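All remarks here apply to the structure that follows.
Numbering (my numbering), first residue to last: 84 to 367.
Laid out in structure tokens, this is it:
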């Protein structure tokens with residue numbers, strides 16, 4: 084494996100207050116990169132939390148960014164460029180989950196998750212690319228999900244946002260390669276993070292309906308798997324390696340072996356067999 088460890092990169096980690104984004108911001112700062120982590124939470128609180136896990140010499144700053152707001156995205160990228168003079172890499176980790184039947188999901192609920200998980204990634208890429216093209220180099224890593232390759236019952240809107248991100252990055256990678264910019268998808272399976280507790284439930288799922296029992300069973304299984312999973316440091320280490328590769332691949336999976344194998348099995352098994360097995364697992 085050919086790698087190139089660039090010291091002193093300027094890295095924007097979007098969604099650095101928790102989960103994979105937090106682990107990534109801490110690791111990259113420890114490795115010597117100048118990290119700008121972003122958050123929608125109070126900046127001082129997140130900054131104090133992250134600094135506890137790095138040395139005093141580590142270059143780790145926190146800035147406000149709301150990926151749902153185009154002006155906030157532009158302002159955050161401009162702030163990094165003004166302070167650091169360049170932007171070598173972006174790691175997009177922002178996102179949340181929603182559970183419930185697709186039929187039960189209201190328009191505003193669907194729009195909210197697409198705003199953050201899909202359009203947020205688009206906005207950040209769009210804001211970062213002019214500087215990267217001018218530099219003739221750059222790395223964009225978007226944290227997608229294995230659920231962006233294998234749709235999960237009763238998390239269909241979450242899967243849909245990640246399927247959208249997969250297509251976006253696959254096309255973007257081809258468009259920006261001539262400018263020296265590499266785009267990569269990292270597809271995690273389950274990790275033990277705050278993602279589980281922050282998962283929303285569609286409003287209609289809170290009352291008895293046609294899907295209530297199957298939805299409850301499927302989400303209980305998913306959340307049990309997440310709570311028993313490992314912490315996200317291995318995903319952060321993978322992202323660090325991707326940022327150091329001269330020619331990174333389009334996709335990397337990380338997480339439980341069975342979930343990673345499901346991506347491969349989907350391409351091999353007849354769809355009815357694969358769907359039967361997935362439905363059996365989630366009791367859907």
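All residues carry an ideal CB built from backbone N, CA and C; glycine is no exception.
Here the structure is a predicted model, which means the values were calculated and not measured.
- Beta-bridge partners of residue 222 (DSSP): 172 and 265.
- At least 8 angstroms separates the beta-carbon of residue 238 from that of residue 247.
- Straight across, the Cα-Cα distance linking residue 176 with residue 365 is about 26 angstroms.
- Annotated three-state conformation of residue 340 is helix, per DSSP.
- Between residue 210 and residue 180, the alpha-carbon positions lie close to 25 angstroms from each other.
- Taking 4 residues as the shortest admissible run, the segment 285–324 contains the following complete alpha helix (DSSP H) segments, listed from N- to C-terminal end: 295–310.
- By the neighbour-count criterion, in which 16 or more other beta carbons inside 10 Å mark a residue as buried, residue 359 falls on the exposed side.
- Note on geometry: alpha-carbon atoms of residue 109 and residue 213 lie some 27 angstroms from one another.
- DSSP places residue 147 in the strand class (E or B) of the three-state scheme.
- Comparing alpha-carbon positions, the option among 348, 132, 151 and 228 lying closest to residue 145 turns out to be 132.
- DSSP places residue 95 in no alpha helix (DSSP H) but in the uninterrupted beta strand (DSSP E) bounded by 93–97.
- In this structure, residue 97 lies near residue 148, with their beta-carbon atoms less than 8 angstroms apart.
- Apart from sequence neighbours up to five positions away, the residues of its chain that approach residue 136 with a beta-carbon distance below 6 angstroms are 109, ordered along the chain.
- Taking one beta carbon from each stretch, the segment 309–325 and the segment 285–298 have fewer than 3 pairs nearer than 8 angstroms; the two do not touch.
- By the neighbour-count definition (other C-beta atoms within 10 Å, threshold 16), residue 223 is a buried residue.
- Rounded to the nearest whole angstrom, the C-alpha separation of residue 298 and residue 114 is 42 angstroms.
- Of the residues assessed, residue 236 falls on the buried side of the cut-off, its CB having 16 or more other CB atoms within 10 angstroms.
- Within the segment 112–147, the runs of alpha helix (DSSP H) that reach at least 4 residues and sit entirely inside it are, in chain order, 126–134.
- DSSP places residue 230 outside any alpha helix (DSSP H), giving it a letter other than H or E.
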